[in-house]
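Top to bottom, those sequences are chains A and B.
The UniProt record's numbering puts the last residue of the first sequence at 332; the count rises by one with no breaks.
The UniProt record's numbering puts the last residue of the second sequence at 332; the count rises by one with no breaks.
Working notes for the structure below.
Number of protein chains: 2
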Amino acid sequence: MKKVINNPENVLSEMLIGIEKAHPEYLKKLENANVLVRTDLSKEKVAIVSGGGSGHEPAHAGYVGKGMLDAAVVGQVFTSPTPDQVYEAIKAVDRGKGVLLVIKNYSGDIMNFEMAKDMADMDGIKVESVVVNDDVAVEDSTFTTGRRGIAGTVFVHKIAGAAAERGMELKEVKRIAEKVISNVRSMGIALGSCTVPASGKPNFTLKEDEIEIGIGIHGEPGIRREKIGTADEMVSKLMKKILDDIKINEKDEVAVMVNGMCSTPLMELYIVNKKVNELLNSNGIKVYKTFVGEYMTSLEMAGFSITILKLDNEIKELLDDFSDTPAFKIIK
Amino acid sequence: MKKVINNPENVLSEMLIGIEKAHPEYLKKLENANVLVRTDLSKEKVAIVSGGGSGHEPAHAGYVGKGMLDAAVVGQVFTSPTPDQVYEAIKAVDRGKGVLLVIKNYSGDIMNFEMAKDMADMDGIKVESVVVNDDVAVEDSTFTTGRRGIAGTVFVHKIAGAAAERGMELKEVKRIAEKVISNVRSMGIALGSCTVPASGKPNFTLKEDEIEIGIGIHGEPGIRREKIGTADEMVSKLMKKILDDIKINEKDEVAVMVNGMCSTPLMELYIVNKKVNELLNSNGIKVYKTFVGEYMTSLEMAGFSITILKLDNEIKELLDDFSDTPAFKIIK
């Protein structure tokens, strides 16, 4: 294991300090919990809370700020945060208008976030939740019943966050988040593995010429392993599965996210984007906005995922709304 | 070589299409050259042009936009762009107020950018240039006489770009760029190598427990190879060399950039930032602003660099000015 760390046991606590020191204008850590909370909570609005295991940075702390999250709950590496941590986040950001929890579909996350919701309910805090399950690769997986939540979650943060920032009520914000979830699909490929610091060993291994199609963001198995092909071949496989799953009509507009898992250079992500764009255009689908970069990573895993979000006027407007967070800025 | 590419010969041309398709609101490719030019050239102002070999994305195309670059010239991987390409960039963006070339200190870049300057001079275009040499690791290296230009270049883009956007004259913009260059220092470490697609073989190799201190962004040799230590030990070595080189007094303010080379996760970069922040604070130096992420990469190299920019009021104000580019947004 070759990592820039001190003690494997301290990666979470040290990272949290590093994040707080990097972005004091956006967020601060709660004293009693591994929760990064937006500095400016002055506005009376619905609060959005998300989170999950760490190792996916900039998710989720990088999305705390104006127009996105009010708090990110940060678990140990690839490990769901405990209910009491989520509960602390809810209490810290509720301004009387209620809280929406954006949960990625992993059994541990759902259990812990829902328990926190129950705890907050008893305090009289209105809490609703949505579960993101954008990964079309496989039904049920190592840590999940049903489809996994991956990079599409960032679109849910952005769009639900914009709805909350506009002053919409909790019920409306939840409706919009659910619409985004029903309109977003993703799928990924791994070219290389990753190592959880506390374990010290790679989560899985791939041969020199082998890739895994449909892999999860914790290295959960995908559809199959096969020999690496060209970028265009890999992209075509992912895009076929995504477009087969979601009904997009000619002249529909979409937002695209080409997400790097970590060790795949931006140069290659742009080559991926070229093919994604061609395939969409050849189907008569218009690309409205594109995001290329690292949004939902998996420690040092090599690979990428593609996310397609089908737009309507409401989603489009909210996607375009101003947001200002460490890792996601939309300037109107 | 395990990469998400099609033909190694086409990585540059395909990447340029992918960039253009991803960021049409910011930039477009010149038809006759590998140059990405800002879409909005309506403002009469000094133009800023930078560039170099590709493989360092988001540098330099990611910095084309309001408040930073007017054009990025993109060479083959780790290869200086030819003079005619730079010349096309200059012609495309000059609005009569002149052009500042921001060159990283590599012999090939300097030769080719200076030749382009001479070509533009003959057309009557006012062109000035500055050379960034922020890397304190070594004097003279594989491709360089004197110190290399690395991630500190991004601060030069930002601050000279802001000066130009404010309407300052070429001479003033150049003065400010030179002040930033004299105030900025960087140094990096590699934990893993990278492979130029056309060669197919790693540029260098490191043992399982070995790092290279002071490595360049093309894998040029650093100071020495040694066994990997803790994050804090690695950071301390870089910071000592940086702070020994630049006179920063107590109560001075600095901007910090913790830059990932590619395969080092953001989690680890934040752990680096924690130590950087502690060391500066313990020296009585105030951190005014921090940037943690991938700004000047080196294909899939693992590792990071630290950049420290000493601020004065003029630099601070320009650093804070609004900028809107694909990879660097400052919202006032």
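Just so it is clear, CB atoms sit at the ideal spot from N, CA and C, and this is done for glycine as well.
All of these numbers come straight from a predicted model, not from anything done at the bench.
Query raised in the report: Beta carbon of I223 of chain B, beta carbon of I150 of chain B: below 8 Å?
Result: For this step, residue 223 of chain B is matched to residue 223 along the second sequence. For this step, residue 150 of chain B is matched to residue 150 along the second sequence. Not a contact, by the Cβ cut-off of 8 Å.
Query - Sequence ranges, beta strand (DSSP E) only - wholly within the segment 227 to 289 of chain B, length at least 3 - result: With a minimum length of 3 residues, the continuous beta strand (DSSP E) runs that stay inside the segment 227 to 289 of chain B are 253 to 260.
Report task. Evaluate the contact criterion for the segment 50 to 59 of chain A versus the segment 78 to 96 of chain A: three or more CB pairs, one atom per stretch, below 8 Å. Result -> For the pair of segments examined, the segment 50 to 59 of chain A was found to touch the segment 78 to 96 of chain A: the number of CB pairs separated by less than 8 Å reaches three.
Report task. Consider the Cβ of G75 of chain B: report whether some Cβ of chain A lies at a distance smaller than 8 Å. Result -> Along the second sequence, one-based indexing puts residue 75 of chain B at 75. Not an interface residue.
Query - T205 of chain A beta carbon near the ligand FMN (any heavy atom closer than 7 Å) - result: Ligands displayed in this structure: none; no statement on the ligand FMN is therefore possible.
Query raised in the report: With which residues is S50 of chain B paired in a DSSP beta bridge?
Result: Taking the first residue of the second sequence as 1, we reach residue 50 of chain B at position 50. DSSP lists B:A72, B:V102 as partners of S50 of chain B.
**Report entry** Within chain B, partners of L69 of chain A - CB distance below 9 Å
**Finding:** The sequence position of residue 69 of chain A within the first sequence is 69, counting from 1. Taking a Cβ-Cβ cut-off of 9 Å, L69 of chain A has no neighbours in chain B, whose nearest Cβ is about 17 Å from it.
Requested in this report: Would you give the residue range spanned by the beta strand (DSSP E) that M187 of chain B belongs to?
Outcome: Along the second sequence, read from residue 1 onward, the residue named residue 187 of chain B stands at position 187. Taken as a continuous stretch (DSSP letters only), the beta strand (DSSP E) holding M187 of chain B covers 184 to 190.
Query raised in the report: Is the Cβ-Cβ distance between L100 of chain A and V46 of chain A less than 8 Å?
Result: Along the first sequence, read from residue 1 onward, the residue named residue 100 of chain A stands at position 100. Along the first sequence, read from residue 1 onward, the residue named residue 46 of chain A stands at position 46. Contact annotation: L100 of chain A and V46 of chain A have beta-carbon atoms nearer than 8 Å.
**Report entry** C-alpha distance - Y87 of chain B paired with N105 of chain B, whole-angstrom precision
**Finding:** Taking the first residue of the second sequence as position 1, residue 87 of chain B is located at position 87. Taking the first residue of the second sequence as position 1, residue 105 of chain B is located at position 105. Straight-line Cα distance between these residues: approximately 19 Å.
Report task. Could you tell me which residues DSSP puts in a beta bridge with I211 of chain A? Result -> As a first step, residue 211 of chain A must be located in the first sequence, where it is residue number 211. Its beta-bridge partners are A:E226.
Query raised in the report: DSSP on A33 of chain A, reduced to helix/strand/coil?
Result: Mapped onto the first sequence, residue 33 of chain A falls at position 33. DSSP places A33 of chain A in coil when its eight states are reduced to three.
Query raised in the report: Given E44 of chain B, which residues of its chain have a CB within under 8 Å of its CB, disregarding the five upstream and five downstream residues?
Result: By one-based count along the second sequence, residue 44 of chain B stands at place 44. Close CB contacts of E44 of chain B within its chain, under the 8 Å cut and outside five residues either way in sequence, are with R95, G96, K97 (chain order).
Query - Outcome for residue 341 of chain A when other beta-carbon atoms lying within 10 angstroms are tallied against a minimum of 16 - result: One cannot answer for residue 341 of chain A here, as it falls past the ends of chain A, which runs 1 to 332.
Query raised in the report: In terms of alpha-carbon separation, which member of B:N249, B:G124, B:N10 lies closest to L309 of chain B?
Result: Along the second sequence, read from residue 1 onward, the residue named residue 309 of chain B stands at position 309. Of B:N249, B:G124, B:N10, the residue nearest in Cα terms is B:N249.
Query raised in the report: Since V64 of chain B sits in a beta bridge, which residues does DSSP pair it with?
Result: Looking up residue 64 of chain B in the second sequence gives position 64. Residue pairing by DSSP places V64 of chain B opposite B:L69 in a beta bridge.
Report task. Using a Cβ-Cβ cut-off of less than 9 Å, give me the residues of the segment 25 to 36 of chain A that come near chain B, in sequence order. Result -> The residues in question are E25.
Query raised in the report: Counting pairs of Cβ atoms below 8 Å between the segment 2 to 18 of chain B and the segment 192 to 199 of chain B, do you hit three or more?
Result: They touch, by the three-pair rule.
**Report entry** Among B:D320, B:A327, B:E210, nearest to T297 of chain B - alpha-carbon criterion
**Finding:** Along the second sequence, read from residue 1 onward, the residue named residue 297 of chain B stands at position 297. Distances from the CA of T297 of chain B to each of B:D320, B:A327, B:E210 were compared; the closest alpha carbon is that of B:A327.
Report task. Grab me the residues of L191 of chain B's own chain with a C-beta within less than 6 Å of its C-beta, minus the 5 sequence neighbours each way, in chain order. Result -> The residue you call residue 191 of chain B lines up with position 191 of the second sequence. The residues are I211, A302, G303.
Requested in this report: Identify each residue in the segment 262 to 292 of chain B for which the Cβ-Cβ distance to at least one residue of chain A is less than 7 Å, and report them in chain order.
Outcome: Within the segment 262 to 292 of chain B, the qualifying residues are C262, S263, T264, P265, L266, M267, E268, Y270, I271, V272, N273, K274, N277, T290, V292.
Query raised in the report: Where does A116 of chain B fall in DSSP's three states?
Result: Here residue 116 of chain B is taken as the residue at index 116 of the second sequence, counted from 1. Helix at A116 of chain B.
Report task. Go to E128 of chain B, then tell me how far its beta strand (DSSP E) extends in each direction, as first and last residue. Result -> As a position in the second sequence, residue 128 of chain B is number 128, starting the count at 1. Per DSSP, E128 of chain B belongs to the beta strand (DSSP E) from 127 to 132.
Query raised in the report: Which bits of chain A does P58 of chain B rub up against, with CB to CB less than 7 Å?
Result: Position 58 of the second sequence, counted from the start, is the residue given in the question as residue 58 of chain B. Neighbours of P58 of chain B in chain A, taken as residues whose beta carbon is under 7 Å from its own, are L266 in chain order.
Query raised in the report: Since T307 of chain B is in the beta strand (DSSP E), which residue starts that stretch and which ends it?
Result: Translated into the one-based positions of the second sequence, residue 307 of chain B becomes position 307. That run of the beta strand (DSSP E) goes 303 to 310.
Query raised in the report: Since E314 of chain A is in the alpha helix (DSSP H), which residue starts that stretch and which ends it?
Result: By one-based count along the first sequence, residue 314 of chain A stands at place 314. Segment 313 to 320, the alpha helix (DSSP H) holding E314 of chain A.
**Report entry** Touch test, the segment 271 to 287 of chain A against the segment 314 to 322 of chain B, Cβ-Cβ under 8 Å, three pairs minimum
**Finding:** Judged by Cβ distances under 8 Å, the segment 271 to 287 of chain A makes no contact with the segment 314 to 322 of chain B, as fewer than three pairs qualify.
**Report entry** Any chain A beta carbon closer than 8 Å to K316 of chain B
**Finding:** For this step, residue 316 of chain B is matched to residue 316 along the second sequence. When Cβ-Cβ separations below 8 Å define contact, K316 of chain B makes no contact with chain A.
Requested in this report: With a cut-off of 8 Å on the beta carbons, I'd call I181 of chain B and A163 of chain B a contact; round off their distance for me.
Outcome: Walking along the second sequence from the start, residue 181 of chain B turns up at place 181. Walking along the second sequence from the start, residue 163 of chain B turns up at place 163. Rounded to the nearest angstrom, the Cβ distance from I181 of chain B to A163 of chain B is 13 Å, too far for a contact under 8 Å.
Requested in this report: Mind listing the chain B neighbours of F304 of chain A? Cutoff is C-beta to C-beta under 9 Å, in chain order.
Outcome: As a first step, residue 304 of chain A must be located in the first sequence, where it is residue number 304. Close partners of F304 of chain A in chain B (Cβ separation under 9 Å): V4.
Requested in this report: Measuring only between beta-carbons, confirm whether K21 of chain A sits less than 8 Å from chain B.
Outcome: What you label residue 21 of chain A is simply residue 21 of the first sequence in a count that begins at 1. So, interface residue.
Query - chain B within 8 Å of D84 of chain A, Cβ atoms only - result: For this step, residue 84 of chain A is matched to residue 84 along the first sequence. Not a single CB atom of chain B sits nearer than 8 Å to the CB of D84 of chain A.
Report task. For K329 of chain B, collect the residues of the same chain with a Cβ closer than 7 Å to its Cβ; drop the 5 residues on either side in sequence, then sort them by chain order. Result -> Along the second sequence, read from residue 1 onward, the residue named residue 329 of chain B stands at position 329. Within the same chain, S323 come within 7 Å of K329 of chain B by CB-CB distance, once the 5 residues on both sides are set aside.
Query raised in the report: If we call anything under 8 Å between Cβ atoms a contact, is G188 of chain A one with N203 of chain A?
Result: Position 188 of the first sequence, counting from 1, holds the residue named residue 188 of chain A. Position 203 of the first sequence, counting from 1, holds the residue named residue 203 of chain A. Taking 8 Å as the cut-off, the Cβ atoms of G188 of chain A and N203 of chain A do not count as close.
**Report entry** Own chain partners of Q76 of chain A with C-beta closer than 8 Å, once the 5 adjacent residues on each side are dropped
**Finding:** One-based indexing of the first sequence puts residue 76 of chain A at position 76. Residues L12, G53, S54, A198 of the same chain have their beta carbon placed closer than 8 Å to that of Q76 of chain A, with the five preceding and five following residues left out of the count.
Query - Member of B:D244, B:V156, B:D123 whose CA lies at the smallest distance from the CA of A137 of chain B - result: Working through the second sequence from its first residue, we reach residue 137 of chain B at position 137. When the alpha-carbon of A137 of chain B is set against those of B:D244, B:V156, B:D123, the nearest one is in B:D244.
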